[in-house]
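K.L.:
For the sequence shown, the numbering used here gives the first residue as 2, with consecutive numbering after it.
The beta carbon of each residue, even a glycine, is placed where N, CA and C say it ideally should be.
Dumping the structure here so I can ask a few things about it.
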Amino acid sequence: MIGEASFYGLYLPWLMLWALAAWPLAWGARRVLAAAGFYRWVWHPALFDTALYVLVLYGISRAAFLLS
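Rendered as structure tokens:
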């Protein structure tokens with residue numbers, strides 16, 4: 002996980018890029034779960050959304066680690 006990506010001379014850590022990639026995936030999963038009525042059983046939706054984002058980010062970073 003150590004390293005940077007260079008975009009036009011701007012160095013960004015890989016975790017920041019993975020966090021940006023995880024955001025639309027978590028947003029899509031949240032929309033699907035909301036459409037399915039899953040949020041009726043969720044006690045604290047904001048906490049659940051944060052946990053979902055963290056799990057998606059973990060999955061992306063773990064997959065990148067295993068593929069490298």
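1) Taking the continuous beta strand (DSSP E) assigned at F8, which residues delimit it?
2) In whole angstroms, give me the CA-to-CA distance for L26 and W44.
3) Going by DSSP, what residues sit across from P14 in a beta bridge?
4) I'd like the span of the alpha helix (DSSP H) that includes F66, first residue to last.
5) Should L58 be labelled buried (16 or more other beta-carbon atoms within 10 Å of its own) or exposed?
P.N.:
Looking at the atomic coordinates:
1) Judged by DSSP secondary structure, F8 falls within the beta strand (DSSP E) whose first and last residues are 5-8.
2) Rounded to the nearest angstrom, the gap between the Cα atoms of L26 and W44 is 22 Å.
3) Here P14 is bridged, per DSSP, to E5.
4) Element bounds for F66: 46-68.
5) When all chains shown are included, L58 counts as buried.
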